[in-house]
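For reference, the structure discussed in these notes is given below.
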Amino acid sequence: MDPLNTGFSSNYKPMTIGDWLITFLIQAIPLVGFIMLFVWAFGDGTHPSKKSWAQASLIFALIMLVLVIIFFAAMWTFISSMFSGGYNIHSV
Numbered sequence: 011m012d013p014l015n016t017g018f019s020s021n022y023k024p025m026t027i028g029d030w031l032i033t034f035l036i037q038a039i040p041l042v043g044f045i046m047l048f049v050w051a052f053g054d055g056t057h058p059s060k061k062s063w064a065q066a067s068l069i070f071a072l073i074m075l076v077l078v079i080i081f082f083a084a085m086w087t088f089i090s091s092m093f094s095g096g097y098n099i100h101s102v
């Protein structure tokens, strides 16, 4: 058990800069990176720091997806109301 009660076991080793660079490189590959986020977030044997980062990245991606859907729905509503007869440019 950890004598300092930091939540990490005594054999915990932080990820190196090289580990993070490889992680970011893999994550930057379209589709493969997205799939790897799920593997890292929910798989066994993943480094705790990478696991937390992957879970946070997935939550952030979900929040961004919801915001993009809301934005495009608002734009679609605005543009469709312009063409539905709400604004008549030719009435003089």
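Residue numbers (the working numbering): 11 to 102. Each residue gets a CB set at the ideal place from its N, CA and C atoms; glycine is no exception.
Per DSSP, the unbroken alpha helix (DSSP H) holding Thr-33 starts and ends at 27-37. Cα atoms of Thr-26 and Ile-32: separation of roughly 10 Å, rounded to the nearest angstrom. Looking at the backbone, the Cα of Gly-53 and that of Lys-61 are separated by about 8 Å. Bounds of any alpha helix (DSSP H) do not take in Pro-40, whose DSSP letter is neither H nor E. Annotation: Ser-94 is outside any alpha helix (DSSP H) and is labelled neither H nor E by DSSP.
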